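Residue numbers (my numbering), protein chains in the order written: chain A, 1 to 331; chain B, 332 to 840.
What follows is the structure in structure tokens.
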């Protein structure tokens with residue numbers, strides 16, 4: 001009896017350890033560890049101003065990375081999101097400047113985000129065109145269209161009420177509030193709703209999922225629609241922070257968002273990952289970028305570091321899989 | 332042949348041993364092929380034929396044993412080595428490039444060169460045409476695109492490719508499996524020509540009539556071991572079937588005797604082209620019906636039709652006496668049918684997900700309240716399943732893909748049995764799992780039959796079919812060809828019905 005109790009305790013401890021060694025825990029440790037180390041080298045790194053800058057300036061990336069994680073977990077990818085955020089931000093600003101009610105200028109990007117992404121999801125799911133092709137096409141259309149229509153004109157004189165990101169909830173800036181609430185809701189939904197489970201099943205093995213009564217096509221459309229919702233919300237946070245909206249698409253934004261999802265532990269092969277990891281990774285990447293400035297390393301290294309982070313994560317993922325496969329064989 | 336027997340065989344394998352993790356694939360297998368001889372290799376699925384030809388063609392290395400070419404020891408570290416020694420293999424799945432021409436496919440990797448390393452297109456064409464002419468193939472041109480050719484012609488291209496390497500030993504793995512009758516005739520014509528040229532041919536087939544038509548000698552493998560070799564002229568199909576399946580049926584498979592009830596499934600004249608041609612059968616409550624047949628006989632396709640994956644084109648399905656329409660897996664499931672597919676990896680299990688989530692995946696609708704999964708109920712369901720099916724896992728949170736094959740199979744079974752089906756269709760329920768897990772699954776099947784579930788079991792393992800079934804049905808080429816009750820289902824009778832060897836059996840008697 002006591003022997004089984006001991007074995008049970010050992011198993012529980014092993015489970016606890018495994019959870020502790022999860023990607024999310026690793027990222028949380030990295031976020032805090034980096035803050036401590038860089039703060040030790042240059043205390044100004046931990047000043048309220050800088051911490052706020054890091055969080056406020058990158059909350060929209062974390063929010064967009066939530067949707068991106070879902071898309072990648074479902075076995076797809078989206079590279080149009082950066083361009084879409086640029087277009088939606090320009091649209092939102094233009095509507096506000098034209099004198100429409102604030103609520104309309106906030107609602108339009110969210111609704112349009114859902115529609116555009118759902119349409120892409122439908123093409124991917126029902127016409128069976130790989131997501132990378134569909135979203136690459138959409139990226140070009142959006143980027144080109146935006147420049148052609150606006151001629152790259154800046155949007156200025158935004159009305160006072162437009163700036164959602166300037167608000168506070170109990171002293172916490174709105175972008176951070178939205179980031180935390182969105183991450184928490186998405187994490188709960190992914191974990192505990194049948195639809196969230198369907199996303200993991202579809203990405204893990206679409207055929208097995210189909211036999212179990214999951215509709216993989218409908219799931220993919222739903223995932224893209226949700227990704228559009230988060231892209232719309234990310235646009236709100238991004239656009240309402242700016243005093244001037246340059247009607248261009250932020251360069252490399254889609255890559256930053258994908259990086260956050262992948263570094264957050266979402267498997268590029270689908271079926272594995274969490275949205276919490278993506279949010280933490282978005283924060284970590286922003287923190288690294290800022291840290292370079294504070295320890296006097298040329299910011300040109302940012303991209304290289306980000307690339308290294310992606311490679312390290314993917315290699316770690318593959319190695320983990322291989323080790324798992326090797327263990328499976330021996331059994 | 333008598334003069335050839337004085338010189339050493341073209342190819343000889345002696346005492347070949349090969350083990351894979353957990354499986355002994357070949358033990359002490361010997362085999363030889365002489366110049367101008369067609370030597371057939373016969374055995375059930377899993378007897379070790381594929382492993383042997385992969386060793387002969389350099390894909391695998393034997394753990395021990397020797398390969399001799401012209402009496403001299405040879406070592407094939409890679410398929411390239413085997414090719415250089417004159418051994419060419421034509422696999423069941425043809426390895427051709429559909430976008431390229433016949434000539435390009437033949438000479439891929441060893442195209443004739445002109446000055447400066449450029450490919451000499453003219454020489455290539457001329458040599459391709461010469462090869463075509465040498466086998467008197469007149470309906471194939473060197474510059475045709477391979478993708479547009481019939482299966483028979485593609486196979487001829489593969490044979491030509493082998494000949495372009497000056498192959499002296501040609502291994503053909505079930506070459507007639509996908510051919511039409513006229514293509515088979517032409518293939519045999521080519522085989523006879525090659526024979527006359529002194530090529531040694533290793534011919535793998537399930538079809539006894541073909542072996543009697545084309546082969547000179549036949550070697551039989553069973554469970555990875557050498558059973559014997561016979562000159563074809565001195566043997567009968569009865570003897571060959573006996574050699575292939577003749578192992579004692581031990582009591583590894585204890586189907587307990589339970590009362591058989593009313594029919595649960597009655598299928599009448601089910602047609603779904605091209606694989607299911609008018610199949611009628613019934614399965615009763617508490618009964619296990621074994622569906623035997625060779626791979627490709629249409630058993631799995633029939634099961635998929637009953638389960639609604641490929642709905643029937645015509646025919647009648649009655650469940651518990653009621654005529655029903657089944658046009659999707661959803662409707663089949665709703666009517667009380669469960670189907671455990673052959674390839675649990677592709678079709679039954681989401682490997683990256685946990686045991687817990689796999690168990691609940693088919694029942695999420697029932698587990699959810701107000702849009703969220705009742706986690707307590709989900710965990711209870713999975714833990715009960717793990718216990719009932721004795722799944723060996725550290726916890727239900729373990730990733731399903733990390734468990735052994737037998738335990739994965741138990742999860743798939745458990746998942747489908749969660750909603751208490753009336754008819755359970757099992758396709759190769761114990762393929763690729765170890766003996767212990769096998770016995771466990773057989774015990775579960777008996778137990779389920781005891782509770783009144785009707786079970787239709789597809790299996791390529793004859794001992795399993797004979798040991799577990801109350802009744803054995805045999806399918807061949809999309810039709811039911813024989814039915815045996817438990818008392819009359821012997822391995823010889825079922826085996827020859829599978830193989831279609833009855834006429835020869837009569838001759839032997």
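Beta carbons are placed, not taken as given, at the ideal position from N, Cα and C, and that holds for glycine.
As the structure is a prediction and not an experimental result, all values here were calculated from the model.
{"Item": "Residue 69/A - containing alpha helix (DSSP H), residue span", "Value": "48-73"}
{"Item": "DSSP beta-bridge partners of residue 559/B", "Value": "551/B"}
{"Item": "Minimum Cβ-Cβ distance from residue 4/A to chain B less than 9 Å", "Value": "Reliability fails at residue 4/A, whose pLDDT of 47 lies under 50, so the model's placement of it is uncertain and no value is given."}
{"Item": "Where the beta strand (DSSP E) containing residue 532/B begins and where it ends", "Value": "531-535"}
{"Item": "Min CB distance residue 211/A to chain B below 9 Å", "Value": "yes"}
{"Item": "Beta-carbon spacing of residue 79/A, residue 132/A below 9 Å", "Value": "yes"}
{"Item": "As assigned by DSSP and simplified to three states, the class of residue 690/B", "Value": "helix"}
{"Item": "Range of the contiguous alpha helix (DSSP H) that encloses residue 684/B", "Value": "From DSSP, residue 684/B is part of no alpha helix (DSSP H); its letter is neither H nor E."}
{"Item": "Through-space distance from residue 228/A to residue 37/A, alpha-carbon basis", "Value": "37 Å"}
{"Item": "Neighbour list for residue 467/B in chain A, Cβ cutoff strictly below 9 Å", "Value": "Going along chain A, no residue has its Cβ under 9 Å from residue 467/B, so there is no contact; the nearest lies around 44 Å."}
{"Item": "Beta carbon proximity, residue 192/A to chain B, threshold 9 Å", "Value": "yes"}
{"Item": "C-beta atoms of residue 663/B and residue 638/B nearer than 9 Å", "Value": "yes"}
{"Item": "Residues of its chain near residue 781/B, where Cβ-Cβ distance is below 6 Å and the 5 sequence neighbours each way are ignored", "Value": "589"}
{"Item": "Proximal residues, the stretch 225-252 of chain A versus chain B, C-beta separation under 8 Å", "Value": "none"}
{"Item": "Interface flag, residue 29/A vs chain B, CB-CB below 9 Å", "Value": "no"}
{"Item": "Reference residue 266/A, options 316/A, 219/A and 222/A, closest by Cα", "Value": "316/A"}
{"Item": "Beta-carbon proximity list for residue 34/A, same chain, < 8 Å, skipping 5 on both sides", "Value": "284, 287, 288 and 291"}
{"Item": "Residue of 703/B, 779/B, 400/B and 614/B minimising C-alpha distance to residue 338/B", "Value": "400/B"}
{"Item": "Members of the stretch 656-671 of chain B near chain A, C-beta cut-off 9 Å", "Value": "660, 661, 664 and 670"}
{"Item": "Nearest-angstrom beta carbon gap, residue 519/B and residue 489/B [assumed within contact, 8 Å]", "Value": "With a Cβ gap of about 16 Å, residue 489/B and residue 519/B do not count as contacting."}
{"Item": "Chain-ordered chain A contacts of residue 703/B [CB-CB under 7 Å]", "Value": "192 and 193"}
{"Item": "Own chain partners of residue 755/B with C-beta closer than 6 Å, once the 5 adjacent residues on each side are dropped", "Value": "669, 784 and 786"}
{"Item": "Length of the line joining the Cα atoms of residue 576/B and residue 75/A", "Value": "45 Å"}
{"Item": "For residue 596/B, the first and last residue of its enclosing beta strand (DSSP E)", "Value": "594-603"}
{"Item": "Through-space distance from residue 777/B to residue 397/B, alpha-carbon basis", "Value": "45 Å"}
{"Item": "Limits of the unbroken alpha helix (DSSP H) element including residue 37/A", "Value": "23-41"}
{"Item": "Cα-Cα separation, residue 197/A to residue 239/A", "Value": "33 Å"}
{"Item": "Whether residue 470/B touches residue 484/B by CB criterion (9 Å)", "Value": "yes"}
{"Item": "Residue 739/B - containing alpha helix (DSSP H), residue span", "Value": "736-748"}
{"Item": "Endpoints, the beta strand (DSSP E) within which residue 196/A is located", "Value": "Here residue 196/A belongs to no beta strand (DSSP E); instead the alpha helix (DSSP H) covers 194-204."}
{"Item": "Residues bridged to residue 613/B [DSSP beta-bridge criterion]", "Value": "597/B"}
{"Item": "Range of the contiguous beta strand (DSSP E) that encloses residue 351/B", "Value": "342-351"}
{"Item": "Proximity below 9 Å, CB of residue 62/A to CB of residue 231/A", "Value": "no"}
{"Item": "Distance between residue 254/A and residue 532/B (C-alpha atoms, nearest Å)", "Value": "58 Å"}
{"Item": "Contact check, residue 156/A vs residue 97/A, beta carbons under 9 Å", "Value": "yes"}
{"Item": "Coarse secondary structure for residue 168/A, derived from DSSP in three states", "Value": "strand"}
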